[in-house]
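S.K.: Chains as they are written, first to last, in the working numbering: chain W, 4 to 261; chain H, 37 to 204.
Before anything else, here's the structure in question.
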């Protein structure tokens, strides 16, 4: 009697019903070639298991144990939410830190080219950034927030947080922003002729690092590329709340005496 | 061990499963950092959905399936946002330290790394994690016949790589 390869494999894997298993065992006793074949299959299985057994003894990273101790309260329905939850938590994953490294290696000029991809930023079907005369300008909710929202405020309905406002060396008002809605990111926009032109965009957000942290404000999490752009453009100090309210009242028109 | 009547809480059972989940995720992602990220997200997902777990189902199979779904979601998201991620080869790759020379016997890990993804995952679930065919097929959402054919091809390829002199 010939026995199929499939049956032999199922035999080695313990998948046969008792009757068929007994038949195979009977055959193995009388067919040395078949027995050798089964033996090799068993060896392979044993070799795989022993090769990967040491991984079971590796210490489990603390962040995984912590995930079990502190279950997220809200149901996580997709990866973006999970990321947001992880970024809010003290235990950070590599996906976050790797994206941070990506951001820190980017020069501001390069970001603008990449920025075309961010036209896809959407909030309730509204495109937040659009192209205008070869430049990227804020639109929709982002534009409204840049015009109206004060730094650090994050109205519950808004997906945009304005980090800080300042007068650039050009005299224009510029504001940093971060968007947290599905896709997350941060950027720098400067007001010119009634529009907020996007100077820098960065997908990964991250806490400000090192010497740049003086510009970090509550509620903002700006990519290092954005912060270095701020440092390159800022004239003087960031606006305080009173100055912001005054600038907003003037429609963010450039300061006549920069 | 994962059925009704167990005295351990689900988080305790999950903690006991962590080493296997990480091991499976490494076969899935081929990257240790990604593997741990996938496991972490799977844990968060599962803890918010415990009500969906059928108590008569095996917790390990259910977790393997969630781990796989998280990875599939991540791959989709990477394709969508391909400009914002590092290329996959820049990560901490499983098996990257293995030096292969022609004629030298391959390590089991190096041989596994050469398998096509479908076969690698099937071999990992059945031969390494020890899932029955039925459970492994459910994790992968494929018919049992598809699973066994991937397993057979994976085994054959592994034997050819690991025991090049022997007839297969």
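Glycine included, every Cβ here is placed at the ideal spot set by N, Cα and C.
Residue 199/W by DSSP, collapsed to three states: which one?
M.R.: In this structure, residue 199/W counts as strand in the three-state DSSP scheme.
S.K.: Given a cut-off of 9 Å, decide if residue 95/H and residue 54/H are closer than it, judged by their beta-carbon atoms.
M.R.: no
S.K.: Looking at C-beta atoms only, is the number of pairs between the segment 138 to 157 of chain W and the segment 165 to 180 of chain W that lie closer than 8 Å three or more?
M.R.: yes
S.K.: Measuring straight from C-alpha to C-alpha, what distance separates residue 205/H and residue 48/W?
M.R.: No answer is possible for residue 205/H: the residues shown for chain H start at 37 and end at 204.
S.K.: What is the DSSP secondary structure of residue 103/H, reduced to helix, strand or coil?
M.R.: helix
S.K.: Please check if any C-beta of chain H sits within less than 9 Å of the C-beta of residue 126/W.
M.R.: For residue 126/W, the predicted model reports a pLDDT of 35, less than 50, meaning its position is unreliable; a value from the coordinates is still stated below. No, residue 126/W lies away from the interface with chain H (no Cβ there is under 9 Å from its Cβ).
S.K.: Under 9 Å between beta-carbons, which chain H residues line up against residue 38/W? List them in chain order, please.
M.R.: Result: empty, since nearest Cβ-Cβ is about 15 Å, beyond 9 Å.
S.K.: Which of the residues in the segment 33 to 62 of chain W, read from start to end, lie with their CB under 8 Å from any CB of chain H?
M.R.: 43, 44, 47, 48, 50, 51, 52, 54, 55, 58, 59, 60 and 61
S.K.: Looking only at its chain, what residues have a beta carbon closer than 7 Å to the beta carbon of residue 35/W, apart from the 5 residues adjacent to it on each side?
M.R.: none
S.K.: Just to confirm, is the Cβ distance from residue 236/W to residue 204/W under 9 Å?
M.R.: no
S.K.: According to DSSP, simplified to helix, strand and coil, what is residue 204/W?
M.R.: DSSP, read as helix, strand or coil, puts residue 204/W in strand.
S.K.: Roughly how many angstroms separate the alpha carbons of residue 10/H and residue 250/W, rounded to a whole number?
M.R.: The first residue shown for chain H is 37 and the last is 204, placing residue 10/H beyond what the model contains.
S.K.: For residue 81/W and residue 143/H, what's the separation of their Cα atoms in angstroms?
M.R.: Since pLDDT at residue 81/W reaches only 48, below the 50 mark, its modelled position is unreliable, and no value is offered.
S.K.: Please list, in chain order, the chain W residues whose beta carbon lies closer than 8 Å to that of residue 184/H.
M.R.: 9, 12 and 13
S.K.: In three-state terms, what does DSSP make of residue 167/W?
M.R.: strand
S.K.: Residue 195/H touches chain W at which residues, Cβ-Cβ below 8 Å?
M.R.: 43 and 47
S.K.: Assuming contact is defined by CB atoms lying nearer than 9 Å, are residue 173/H and residue 164/H in contact in what I supplied?
M.R.: no
S.K.: Reducing DSSP to helix, strand and coil, say where residue 183/W ends up.
M.R.: DSSP places residue 183/W in strand when its eight states are reduced to three.
S.K.: Using the three-state DSSP reduction, which class does residue 178/W fall into: helix, strand or coil?
M.R.: strand
S.K.: Would residue 241/W count as contacting chain H if we go by Cβ distances under 9 Å?
M.R.: no
S.K.: Residues in its own chain within less than 8 Å of residue 86/H by CB, not counting five upstream and five downstream?
M.R.: Close CB contacts of residue 86/H within its chain, under the 8 Å cut and outside five residues either way in sequence, are with 46 (chain order).
S.K.: Please classify residue 56/W as buried or exposed, where buried requires at least 16 neighbouring CB atoms within 10 angstroms.
M.R.: When all chains shown are included, residue 56/W counts as exposed.
S.K.: Considering only residues of the same chain and omitting the five flanking positions on each side of residue 184/H, which have a CB-CB separation below 7 Å?
M.R.: If the five residues before and after residue 184/H are omitted, its C-beta is found closer than 7 Å to the C-beta atoms of 169, all from its own chain and listed in chain order.
S.K.: Show which residues of chain H have a CB atom less than 8 Å away from the CB atom of residue 70/W.
M.R.: 76, 79, 80 and 83
S.K.: Let's test the definition: count the other Cβ atoms within 10 Å of the Cβ of residue 188/W and tell me whether it reaches 16, buried, or not, exposed.
M.R.: buried
S.K.: List, in order along the chain, the chain W residues whose C-beta lies closer than 9 Å to that of residue 145/H?
M.R.: 54 and 55
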